[in-house]
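Numbering (this note's numbering), first residue to last: 14 to 256.
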Amino acid sequence: MAKLVLKFKDAVLKEITIEKNHVMLGRKPENDLAIDNLAVSGFHAKILKDKDRYLLEDMGSLNGTYVNGVRVTNKELRHGDQILIGKHVIEFIAPELKPAEPEPQPSQRPKTMDETIVMDPRVQQQLLGRSSEPHSAAPPPGKPDLLGGFVVIEGKSDQKEYELHDRVTTVGKDSSAGIRLRGFFTPRVVALVNRRKEGYFISPAAKHKLPKVNGRDISERYDLKDGDVVEVPGLKLQFYVKG
């Protein structure tokens, strides 16, 4: 049976066996493999098991997920793969699978805080064992400065909190929605939350079941502010901005 081995500077911190079809990795204690480190997002990545295949998926994390030194969004895992999340390495052990190609192991440095921070690109390059060019410290053009999210204040949901890392987060019943809703008559997509450099805004995506902000129906784009209360079918969420 496949397992994950969490390491820091070659020291083994934790080991779990993959017994479920859906394994969550991240900083929050609700994760199957919790990693207490400032560079790790609350819900950073997940591993999906499909028969004898294991797929790693980044959850739109702030600092990214790396496999054998390469940043990935989705990646089928092989025996011996080295997953870098924040400043920790997770070794994927599955002897029954094809082994991974040998790669240099990244190094890490410890530090802890209460919330996720953006790692300096030069630090990421050092963690991956690469040299840093002078221009590599500049952030990608148009990268949003703000990080916001929703806290569930009423209703049943898969998560108690949603950090909005992606450029667009869908809200609805669809299986790919970032904020998944329930209910037989709930539209596949109720609303879209866009992240831009200047902040976040929400837009309706269905002709009926309009989202509400602070008790009022929203029929067009609305720029979200810290503390706004958003209502969608079955859920009441409060928007927040970190920092």
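Even glycine gets a Cβ: it sits at the ideal position worked out from N, Cα and C.
Please read all numbers here as calculations on a predicted model, not as lab measurements.
Distance between L69 and K124 (C-alpha atoms, nearest Å): Bear in mind that the predicted position of K124 carries a pLDDT of just 42, short of 50, making it too unreliable to give a figure here.
Candidates H57, L110, I29 and L160, of which the one nearest L237 by Cα: Checked all of H57, L110, I29 and L160; the closest Cα to L237 is L160.
Coil, strand or helix - H221 by DSSP: Reduced to three states, the DSSP call for H221 is coil.
Pick from G185, K210, R195 and S232 that is closest to H178, judged by C-alpha positions: Out of G185, K210, R195 and S232, K210 has the C-alpha closest to the C-alpha of H178.
Rounded separation between V184 and A219 - CA only: One C-alpha to the other measures close to 11 Å.
Any 3 or more C-beta pairs closer than 8 Å across the region 71-80 and the region 47-58: Yes, they touch.
When G212, G196, L248 and A24 are compared against V181, the one with the closest alpha-carbon: Considering only alpha carbons, the answer is G212.
C-beta atoms of V53 and R40 nearer than 8 Å: Yes, these two residues count as a Cβ contact at 8 Å.
Sheet register partners of E70 (DSSP bridge): DSSP output for E70 lists K59 and N87 as bridge partner(s).
Three-state class that DSSP yields for E233 in the structure shown: Reduced to three states, the DSSP call for E233 is coil.
Option nearest L19 by Cα separation, candidates D65, I98 and T86: Nearest option by C-alpha distance: I98.
Inter-residue spacing [alpha-carbon to alpha-carbon] between E104 and I96: Cα to Cα, the separation comes out at about 6 Å.
Beta-carbon spacing of K222, I231 below 8 Å: Going by C-beta atoms, K222 is not nearer than 8 Å to I231.
Check whether A15 and Y67 have beta carbons under 8 Å apart: In contact: A15 and Y67 (Cβ atoms closer than 8 Å).
Contact under 8 Å by Cβ, V202 with V245: V245 is positioned such that its CB atom lies no closer than 8 Å to that of V202.
Residue interval of the beta strand (DSSP E) (run including R209): For R209, the uninterrupted beta strand (DSSP E) run begins and ends at A204 to R209, by DSSP.
Element boundaries [beta strand (DSSP E), containing K22]: Annotation: K22 is outside any beta strand (DSSP E) and is labelled neither H nor E by DSSP.
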